[in-house]
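Scroll down for the structure; my scribbles are underneath it.
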Amino acid sequence: MNGRSQKIAAVLCAAALTVTAAAAQAQSKIKVGFMLPYTGTYAALGNAIENGFRLYVQEQGGKLGGREIEYFKVDDESEPSKAVDNINKLIKRDNVDVVVGTVHSGVVMAMAKVAKDTNTLLVIPNAGARAVTGPMCAPSIFRASFSNWQPGYAMGKVAGEKGAKKVVTITWKYAAGDESVEGFKDGIAASGGQVVKELTLPFPNVEFQALLTEIAAAKPDAVYAFFAGGGAVKFVKDYDAAGLGKTIPLYGPGFLTDGTLEAQGASAQGLLTTLHYADGLDLPKDKAFRAAYQAAYKAAPDVYAVQGYDSAQLLAVGLNAVKGDVAKRAELVAAMEKAKIDSPRGTFTLSKSHEPVQDIYLRKVEGTQNKVAGVAVKALADPSPGCKM
Amino acid sequence: MDLATFLVQCLNALQYGLLLFLVASGLTLIFGIMGVINLAHGSFYMIGAYLAYALAPWVALHLGGGFFTALLLGMMLAVAFGYALEWGFVSYLYEREHLQQVLMTYGLILVFEELRSLLAGDDVHGVKPPDWLTGSVPLGDLMTYPVYRLFMSGVCIAVALGLYVVIARTRIGMAIRAGASNREMVQSLGVNIRFLYRVVFAAGVALAVLAGMIAAPVSSVYPGMGNQVLIISFVVVVIGGIGSIRGAFLASLLVGVVDTFGKVLFPQAAGVLVYVLMAAILLWRPEGLFRQG
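Chains F and D, in that order, are what the protein sequence lines are. First residue of the first sequence: 9, per this note's numbering; consecutive thereafter. First residue of the second sequence: 31, per this note's numbering; consecutive thereafter.
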């Protein structure tokens, strides 16, 4: 064989390979990698997110963009130190087309870094860390949930409108708490009040008594508290037991009373919180979603299930636009950016930084439900400082 | 800070310190007298809290009793549990190195956490205090102080006094103290040291369980609650001097004061102040405030 025919053969071979690769792509499944907490404190949240995601895919006949979906799973254990290894398992070992995760903010920061460096498509179904859509924002990173700033801003606005001039905030000293309080400060500044004192305690310390005494001494018009889980339960009960519940209104983001009302009991009744989801939303989409979820999993859905469902919806918009050809990344991302998601929480669009622009509801605790009491802020977008995209 | 606020903060410090003592006393018993580093102590506290949560409805239904019946039942279960645990696991650890003790008791933490997850789930649950303790005492013009917290302090003081009397004034307390200094010698004097240790371990477990049950109505029950308590308990034990009940008592109050006022006056450093205190005391007295034996 002379040099010329060798070259031709090589070109033919390459062409043949490309053709078979393209054919394989058209038939093969889209690989979705869940990186979620399946053990530990957040296990229930991880499962709800996956259930929500799968529910939407099932409703589409198991296909998105005309291709079947194949799932891969990694338990992130809500452990930031293992996050890089875990996401690399999905990206390098399983060769997934898209990563969906996660709940814990610290873990998601590490994931976003890897996703940005490797240009992997990442859809975040919960973690509200602002940096991910702020300084770390990237074309391949989307969030289908909320930013910590959003509920805080909405609550601040409502507190100001209700006449609170001087407010004390209290939270754990960590990123999520700081971001939530930042939102509250921006919100209350917009409606004529101000934060006069910011109380913090180390995460996950739950000895609140000393700071409650400080609150009583400061005599503010209202208190804004960011806590979650066991800490939220204890804070709400301690606040009530200290007699402050009767005199100083307590406000918080939805996490203060979400999934904790059974444990908080009487002490939480009547509390006002803000979140992008609520009980008793009178939306056809929400009713249909709740019924379908209940039928599929024999359990009532929560906000995490909604966020999982919407992660799948958001991804579907992109995949449908490119007919399942994930190689057309720019088109896929462009379609996702313009997406209008018909979510159980209400319709939302995406901001420039790939963050939901959504209504934040004001909710009131009644029994064991966070009943919707109106819309606190319509179509609220996190300004996402630091995002250059 | 005006005087009224200062006094309320002192009360907060005292109350937190007393609760710390209740948890740490069991640890100092087991650690100081038996020489076993018991990392599972926080798990016993958690088990106590979950017992309070689980037993309350059962007791109300089958025995018709309230909070104190549940407390009594929980304590009985705890003693039996501690006794069995010593027999099955801990009794093999006395002659071993500290590393092996750490491994074994750390393993127990994982087992108890997983069992908790299987049996009670990962949700947060509330526990109701008894009705007659739900009231509150007015304090200043805005604040009130829950009666239940005062009750907790009362229980802690009673336990502290009881422990002191038993350890310092009774025959069994004498044997325990002697056993801590020289196990073989006490044995050769005809004291059944194996049985004695079993009882001490059971008592240590029971104290942690008691602390968990008493604290449950205030703290609620949730996954991982024992781990938080474990670290601060070790701080108390180390500051107080290993094995000293009196030291643990003083150290608890000291930690209570530093933690409470630290949160108020130096919020940025509140997380480390207690450890700074520990380091300072160890520099001054490397064996803690009161080293036993």
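Cβ coordinates follow ideal geometry from the N, Cα and C atoms, glycine included.
### Task
Grab me the residues of residue 79 (chain F)'s own chain with a C-beta within less than 7 angstroms of its C-beta, minus the 5 sequence neighbours each way, in chain order.
40 and 42
### Task
In the DSSP assignment, find the unbroken alpha helix (DSSP H) run with residue 260 (chain F) in it and report its ends.
Premise fails: residue 260 (chain F) lies in the beta strand (DSSP E), 258 to 261, not in any alpha helix (DSSP H).
### Task
Taking only beta-carbon positions, decide if residue 42 (chain D) is within less than 7 angstroms of chain F.
yes
### Inter-stretch contact at 8 angstroms, needing at least 3 Cβ pairs: the stretch 305 to 318 of chain F / the stretch 124 to 139 of chain F
yes
### Message
What would DSSP say about residue 112 (chain F), mapped onto helix, strand or coil?
### Response
coil
### Query
At a Cβ threshold of 7 angstroms, is residue 315 (chain F) touching chain D?
no
### Message
Here's a check: name, in chain order, each residue in its chain whose Cβ is nearer than 8 angstroms to the Cβ of residue 414 (chain F), leaving out the five neighbours to either side.
### Response
Residue 414 (chain F) lies beyond the residue range present for chain F, which begins at 9 and ends at 397; the question has no answer from this structure.
### Message
Could you pull the DSSP bridge partners for residue 370 (chain F) from this structure?
### Response
F:282
### Task
Would you identify the three-state DSSP class for residue 282 (chain D), choosing helix, strand or coil?
helix
### Message
Taking beta-carbon pairs under 7 angstroms, can you tell me which members of the stretch 108 to 124 of chain D lie near chain F?
### Response
none
### Message
Since residue 332 (chain F) and residue 343 (chain F) should fall inside the 8 angstroms C-beta cutoff, what is the C-beta to C-beta distance between them, to a whole number of angstroms?
### Response
Actually they do not touch by this definition, with Cβ atoms about 12 angstroms apart.
### Message
So residue 80 (chain D) contacts chain F; which residues on that side make the cut at Cβ distance below 9 angstroms?
### Response
In chain order: nothing, as chain F lies at least about 13 angstroms away.
### Query
When the cut-off is 7 angstroms and only beta carbons count, does residue 242 (chain F) lie next to chain D?
yes
### Task
May I ask which residues mark the beginning and end of the beta strand (DSSP E) holding residue 378 (chain F)?
377 to 388
### Query
In whole angstroms, what is the alpha-carbon distance linking residue 283 (chain D) and residue 109 (chain D)?
27 angstroms
### Query
Would DSSP call residue 247 (chain D) helix, strand or coil?
helix
### Task
Look up residue 174 (chain D) in the DSSP assignment and give the residues it is bridged to.
D:168
#### Entry: Cα-Cα separation, residue 175 (chain F) to residue 231 (chain F)
6 angstroms
#### Entry: the stretch 299 to 319 of chain D touching the stretch 267 to 276 of chain D, judged by at least three CB pairs closer than 8 angstroms
yes
### N- and C-terminal bounds of the alpha helix (DSSP H) containing residue 306 (chain F)
First-last for residue 306 (chain F): undefined, no H or E at that position.
#### Entry: 3-residue-minimum beta strand (DSSP E) runs that sit fully inside the stretch 60 to 108 of chain F, ordered along the chain
75 to 83 and 106 to 108
### Query
Exposed or buried, what is residue 216 (chain F) when buried is set at 16 or more other beta-carbons lying within 10 Å of its beta-carbon?
buried
### Segment limits, alpha helix (DSSP H) that includes residue 88 (chain D)
71 to 92
### Task
State yes or no: is the C-beta of residue 273 (chain D) within less than 7 angstroms of the C-beta of residue 58 (chain D)?
yes
#### Entry: Cβ of residue 173 (chain D) within 7 angstroms of any chain F Cβ
yes
#### Entry: Below-7 angstroms beta-carbon distance, residue 220 (chain D) vs any chain F residue
no
### Task
Establish whether the CB of residue 377 (chain F) and some CB of chain D are separated by less than 7 angstroms.
no
### Message
So if DSSP puts residue 162 (chain D) in a beta bridge, which residue, or which two residues, is it bridged to?
### Response
DSSP lists no partner for residue 162 (chain D).
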